[in-house]
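Per the working numbering: the sequence shown ends with 899, consecutive numbering throughout.
Each remark here refers to the structure printed beneath this line.
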Amino acid sequence: MTSATSSIARYYANNEKRFISELVELLKFPTISADPSHDKDCRNCAKWLARNLSGIGLKSRLLETPGKPVVFAERIMDRNRPTILVYGHYDVQPVDPIDLWKTPPFAPVIKGDNIFARGAEDNKGQFFYVIKALEALIALKLVDCNIKVILEGEEEFSSHGMSVSLPKWKQLVKADSLIVTDVNTVNSGEPTIIMGLRGIVQLTVELDGPSYDLHSGSNGGVAPNPATAMARLIATLHKDDGSIAVKGFYKDVAEPTRNERKMANSVKFDKAQYKKITGVDPVGGEKRFSPAERLGFRPTIEVNGIHSGYGGPGSKTIIPSKSIAKITSRLVEGQDPDKMLGLIIDHLKSNTPVGMKLTLSDKHVAGPAIKIDAGSTLVKKAALVLKKLTGIKPVYLWEGASVPVITKLARTSGADTLFVGFGNAKHRAHAPNEYFEKKLFKLGYLFAAEMIQSGK
Ligand SMILES: [Zn+2]
């Protein structure tokens with residue numbers, strides 16, 4: 444163990460009690476971003492965080508956005524040294540169903556090693572260990588890079604404020620490395636480095652036929668049926684082998700390297716377990732790729748809902764006047780979201796069944812995919828640090844989900860991004876009785892301190 448490593452660990456031991464009691468204070472703010480009645484709580488929490496960051500030696504302030512304020516703090520030593528940017532979010536998910544909480548969500552309770560509260564893991568517990576690592580590094584004079592911290596208050600509610608403000612903050616967020624802890628490990632708890640997230644676009648498709656619901660006897664066989672037409676239109680989006688039939692959709696897809704495929708497939712995808720959890724076999728998507736490859740490296744078009752006509756008890760003999768489908772498409776590295784949305788729209792227009800009027804609405808580009816370079820020095824260093832701290836070789840995971848604001852932040856800051864967190868599905872983020880473990884808080888602290896200590 445180097446002397447720096449041992450003094451970082453000693454600093455934790457000497458301050459653990461205070462760290463945890465500060466975390467408990469932070470968890471008391473009911474920062475539910477989706478509920479406007481908590482706007483004041485969000486602002487108070489942001490102020491509390493700014494004070495905490497000032498207290499450890501960063502210059503901090505609140506950045507106003509059209510939504511909740513963003514906490515920004517920095518400590519610039521030397522413009523020629525590398526800069527590390529830390530991202531987190533202080534807002535939390537709503538707490539309902541409240542009846543299922545064993546203790547109140549904003550009155551943190553510590554039982555054994557576990558801290559129960561909304562936000563304990565997602566994301567207050569996870570970004571706060573980074574702040575405490577920064578505190579230790581500054582107090583121990585072990586930091587020789589510039590530090591920036593950005594904490595938003597709307598991650599659980601679209602990240603709108605930060606998203607629209609980022610272009611103005613280009614200089615402010617400029618950095619060499621971006622550290623994101625708002626992620627999980629694989630279920631087994633092995634240390635995990637997230638290597639990619641998919642992008643996402645969305646739209647609503649409407650087919651209009653008759654001007655009102657028609658009698659299916661007097662009109663059946665004469666009037667075209669929007670429900671049938673929607674089924675036909677939706678069916679044109681995919682081929683029988685599960686691939687997407689939209690012309691040009693795969694043209695820009697960045698193929699994974701052989702090494703990336705190998706790394707992705709080295710995480711065991713347990714088909715039986717998947718069926719046990721979800722109730723279905725993992726048979727969606729393109730047949731020629733493994734489930735891990737399909738999640739990490741392949742785009743999708745999913746129908747999130749189709750509605751038309753009558754769905755109540757018994758029957759109703761009509762030809763419905765219209766049908767609606769909600770569609771989202773997950774994108775991978777290489778695909779430009781605006782272009783892909785355009786291709787999907789062209790496809791829908793040219794395949795609209797006769798007799799139907801097509802209307803497209805809610806067209807939205809949330810953001811592109813992000814893929815981390817497997818050879819990135821940040822990833823290599825993180826792998827070494829994780830192995831050193833846990834004794835376990837980390838796994839590499841290409842995630843199927845999307846966090847558009849982080850993709851935007853990574854691009855705007857120009858930083859190499861590292862996604863490492865110590866959350867786990869069992870911590871029940873977003874659900875009642877969310878908790879985080881003190882031992883993982885400590886592990887996160889040690890990891891962050893080691894990563895930041897020597898700069899890039
Ligand atoms: Zn989160």
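Using N, Cα and C, we set each Cβ at its ideal position, and we do this for glycine too.
Counting C-beta pairs with one atom in each stretch, the segment 871-879 and the segment 556-573 have three or more that are closer than 8 Å, which means they touch. With a cutoff of 7 Å, Asn-566 counts as near ligand 1, since its C-beta is closer than that to a heavy atom of the ligand. Out of His-532, Asp-805, Lys-705, the CA that lies nearest to the CA of Phe-732 is found in Lys-705.
Non-local C-beta neighbours of Lys-824 in its own chain, meaning closer than 8 Å and more than five positions away in sequence, comprise Met-894, ordered along the chain. Taken in chain order, the complete alpha helix (DSSP H) segments of 4 residues or longer contained in the segment 756-809 are 780-793. By the CB criterion at 8 Å, Phe-571 and Leu-469 fall inside the cutoff.
Boundaries of the alpha helix (DSSP H) harbouring Tyr-717: 714-721, taken from the DSSP string. Nearest neighbour of Leu-889 by Cα position, chosen from Met-520, Val-467, Lys-575, turns out to be Lys-575. Within the model, the alpha-carbon separation for Val-626 versus Arg-675 is close to 39 Å.
Taking a C-beta distance under 8 Å as the contact criterion, Ile-761 and Asn-747 do not qualify as a contact pair. When the Cα atoms are used, Pro-847 and Ala-666 turn out to be separated by approximately 43 Å. Take the alpha-carbon of Arg-504 and the one of Val-514: they are about 6 Å apart. In this structure, the C-beta of Asp-695 stays at least 7 Å away from each heavy atom of ligand 1. About 5 Å separates the beta carbons of Ser-804 and Thr-647, which is inside the 8 Å limit, making them a contact pair. Beta-carbon to beta-carbon, Gly-652 and Ile-813 are separated by about 41 Å, too far to satisfy the 8 Å threshold.
The beta carbons of Ile-637 and Leu-883 sit about 16 Å from each other, so the pair does not count as a contact at 8 Å.
Looking at the DSSP output, Glu-880 bridges to Asn-557. The DSSP-derived three-state label of Gln-645 is strand. When secondary structure is reduced to three states using DSSP, Ser-601 falls in the coil class, being assigned neither helix nor strand.
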